[in-house]
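These notes are about the structure you will find just below.
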Amino acid sequence: MCGIAAIYSNKANIPKVLSKAVEVLRSRGPDNQNIWSNGNGVGLAHTRLAILDLSATGNQPFANETKEIFLVSNGEIYNHKTLRKQLLSRGHKFLSQSDNEVILHAYEQWGLDCVEHFIGMFSFVIWDNTKKEFFAARDHIGIKPLYYSNSPDGIAFSSTLDSLMILNQMPLKIKPLALAYALTLRYVPSPYAFWENSNKLQPGHTLTYSKEKGLKIKPYWVAPIDTDYSANYSYNNWLELYNTVIKDHLMSDVPLSIFLSAGLDSTSIAIAISELGIKFSAISGSIEEYEANEFHTAKLTAEKLACPCIKVPIHSNAFNSYEKQILDAFDEPQIDSGPLPMYLVSQAASKKFKVSISGDGGDECFGGYPWHRPFGIKESKTNKILKKLLPFSKKYLDNNNLFLQDYANRTGTPFSVNEVNILFSPIISDFSEEKRVFPFKKHYIKKIHPLRAYQRIDLFTFCSDLCLFKVDRASMANSLEVRVPFLDKRILEWSLSRPFTEEDVQLKNAKSLLREYVKTYNLSNVLKQPKSGFSLKGLEMLSVSPNTVNEINKGILVKGGYLVKNWEKMLPYNNANLRKIWVLKYLSDWLENKILQIENYKSVTK
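Going by my numbering, the sequence shown wraps up at 606, each residue one higher than the last.
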């Protein structure tokens, strides 16, 4: 895993701003840092976390034989061996054993269509000197990040928003719509980014840029829409696909670990790795004050699979101790308690490993979230959907906005639309329910099964912009690569095309394929374990006190004129408002820390 940056500008001191961008990206790639510039306004930078081909030949930027095409990339190409054989047979010459070098030669061979050949998690930027053009892409579901900033002076790209704002040298100005989303959704959805003059490249999209033609963005992958009743979706067919994907995700020249919880997803991955005869260690978080602590079940699973289990104690009151590290690591505000547990398990894993495997994505693939069950809908044995709607839910299916508003409410929202407009006036004044659900609307397909519709929305919003964002930032702050087999393109396409079964639409029996798989290993504790997210419930009860109100009033949200001065009259200190007060304090701390952090770097580049 790595950090990447690229820039075209006629004004900036390219080597100087890239050197500062590299400093910000160093935790993403502590093993090597390189900068390349053509001396004519174009530059690329790379920080490397060496996983495959640990030698210097795997260092980037990569260049083709004629030194006309240059690449910086972040991620893993799981089918690189197959692609390498194809490209070698067509006369391409490789200088390394790095999986990422195939991106460069695939671009030479297939041009912009090269992305359709990749199976993996990636973001990359190519500079084609023959065309005087940038070509960038992000993987199908957004496992790896890529930000860009386009202006009359040129364009810049980076793995993080912090380094992007150093590259573009523009003033830090909050994007009001992004702030409204952070407050109502808990995250900033693609393609938006928190600062003005910045954007995320959406998952499954490519970008081209040249001074003459400007900026063009288009999708290259769309998740399946239609159910495929003709294909083989048997348990054995699933096992064959699953084992193939797991094996591909284990490619590494360094030792592996797995984030193991009591859940079906990570447990099934641990079983599959064990079946392949690969040695690994389990990293298991133990949220000490929870009665439903999953560590005990995870430890029993590890013992049955004969793998070491490293316990990571997590206490809710540790948030204050680690707040500075989390504020530094997260380049956009994520209004959630999940960053702390993920940061701590990543920190523990990174002491011995460079790679961990995670069970993220299992709920999105197989409809495992509680909010996936708002409707009483079943599918008949003849595979024709029967909509047996509960009286209260039919109105949601008949009205797109109500359906999406219900989804937004189910996935968790700190503040209402009305509260945001009042509390953050005049910075935010025209935010509406229509705007709140817009990020979901572009992924919503009314004609398909509502459960499948929820899965699609989840994948490209909640999963990509909250869950994967959290995993990437927390892990890369600790120089750890995290792989997510359930979000492999092959598994996604298989699971989203598969007809529903009776078990799929009942929460207690959700993810029936994984249940059957785990059942064969006599892990009854896992099957009985109630679903529990990896977050700190009730964090605000420990972190908020009457003094928190004073701290917010002294902070940048109030002093900077973002939050109205009489906010506490609308949110008086009481148990009902503790979560919202915690959000305001966290957001204030994040904003103050981030502005200081970025401005300090930018001042050195001037």
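Every residue, glycine too, gets a C-beta built ideally from N, C-alpha and C.
In this text, all values refer to a predicted model and were calculated from it rather than measured experimentally.
Beta-carbon gap between residue i and residue j smaller than 8 Å
i    : j    : result
A258 : I126 : For the record, residue 258 in the displayed sequence is Ile; it is not Ala. The answer is no: Cβ separation not under 8 Å.
D113 : L327 : no
I225 : I445 : yes
Y147 : N199 : yes
G285 : L344 : yes
L260 : A298 : yes
A137 : T82  : no
L25  : N64  : no
N478 : S350 : yes
G214 : I7   : no
W582 : L423 : no
R84  : V102 : yes
L183 : P499 : no
I271 : L305 : yes
I428 : P176 : yes
N32  : N74  : no
P191 : D139 : no
N243 : S543 : no
Option nearest residue i by Cα separation, candidates the options
i    : options                   : result
E332 : R473, S524 and S316       : R473
S268 : Q334, V420, K511 and D53  : K511
I4   : F366, D248 and A45        : A45
R612 : N197, K354 and S274       : Coverage of the chain is limited to positions 1 through 606, which leaves residue 612 absent and any answer about it impossible.
F194 : K173, G204 and V22        : K173
Q86  : G58, E65 and F118         : F118
N317 : T160, E108 and S337       : S337
H80  : L25, S252 and A137        : S252
F460 : S210, V471, N59 and K441  : K441
D406 : Y454, F424, I427 and H449 : Y454
T548 : N577, N522 and G368       : N577
L276 : K175, I246, N575 and K213 : I246
G41  : Q33, G120, L52 and N129   : N129
A231 : S497, S524 and N10        : S497
G561 : S425, K311 and F157       : S425
Y187 : P203, Q334, H372 and L492 : Q334
N400 : P370, S416, E433 and H372 : E433
F462 : S475, H443, M476 and N525 : H443
N236 : L513, K489 and T208       : L513
S149 : A329, S98, L52 and Y209   : Y209
Burial state of residue i (16 or more Cβ within 10 Å)
i    : result
E303 : exposed
T47  : buried
S151 : exposed
E76  : buried
A12  : buried
L596 : exposed
G607 : Outside the shown range of the chain, which is 1 to 606, sits residue 607, and nothing can be said about it.
L390 : Only weak support is given to the placement of L390: the predicted model assigns it a pLDDT of 34, under 50, and the value that follows is read from those uncertain coordinates. So L390 counts as exposed.
T57  : exposed
Y229 : exposed
L18  : buried
K580 : buried
P450 : buried
K381 : Note that K381 has pLDDT 35, beneath the 50 cutoff, so the model's placement of it is unreliable and the number below is only indicative. By the 10 Å Cβ count, K381 comes out exposed.
R452 : buried
E364 : buried
N120 : In the sequence under discussion, the amino acid at residue 120 is Gly, which differs from the Asn named in the question. So G120 counts as buried.
L487 : buried
L527 : exposed
G376 : Only weak support is given to the placement of G376: the predicted model assigns it a pLDDT of 41, under 50, and the value that follows is read from those uncertain coordinates. Its Cβ having fewer than 16 others within 10 Å, G376 is exposed.
T520 : exposed
T66  : exposed
Presumed contact (8 Å Cβ cut-off) between residue i and residue j, rounded CB distance
i    : j    : result
L250 : I278 : 6 Å
V420 : F438 : Contact flag wrong, Cβ pair sits at about 15 Å.
E294 : A262 : 4 Å
S281 : P308 : 5 Å
Y586 : P546 : With 8 Å as the limit, Y586 and P546 do not qualify as a contact, their Cβ atoms being about 17 Å apart.
D504 : G361 : The pair is not a contact, with the Cβ atoms about 16 Å apart (cut-off 8 Å).
Y181 : P171 : With a Cβ gap of about 21 Å, Y181 and P171 do not count as contacting.
S37  : G29  : Actually they do not touch by this definition, with Cβ atoms about 18 Å apart.
S464 : I141 : 6 Å
Q. In chain order, which alpha helix (DSSP H) runs of at least 4 residues are fully inside the segment 210–260?
A. Taken in chain order, the unbroken stretches of alpha helix (DSSP H) that lie wholly in the segment 210–260 and span 4 residues or more are 235–249.
**Q.** Contiguous alpha helix (DSSP H) assignments of at least 4 residues, all confined to the segment 323–375
**A.** Listed in chain order, the complete alpha helix (DSSP H) runs (minimum 4 residues) inside the segment 323–375 are 339–350 and 362–366.
Q: Run through the segment 90–153 for me and flag every whole beta strand (DSSP E) of 3 or more residues, listed as ranges in chain order.
A: Segments of the beta strand (DSSP E) lying fully in the segment 90–153: 120–128, 133–138 and 147–151.
Q. At what residue ranges does the segment 401–484 contain a whole run of the alpha helix (DSSP H), taking only runs of 4 or more?
A. You should have 417–423, 433–441, 450–458 and 468–476.
Q) Which runs of the alpha helix (DSSP H) fall wholly inside the segment 521–590 and span at least 4 residues, in chain order? A) Complete alpha helix (DSSP H) runs here, min 4: 524–528, 539–543, 546–554, 556–559 and 567–570.
**Q.** Secondary structure, alpha helix (DSSP H): runs of 4+ residues fully inside the segment 288–318
**A.** Every alpha helix (DSSP H) stretch that sits fully inside the segment 288–318 and reaches 4 residues is listed by chain position as 295–304.
Q: With a floor of 4 residues, list each alpha helix (DSSP H) that falls wholly inside the segment 26–80, ordered by position along the chain.
A: Within the segment 26–80, no complete alpha helix (DSSP H) run reaches 4 residues.
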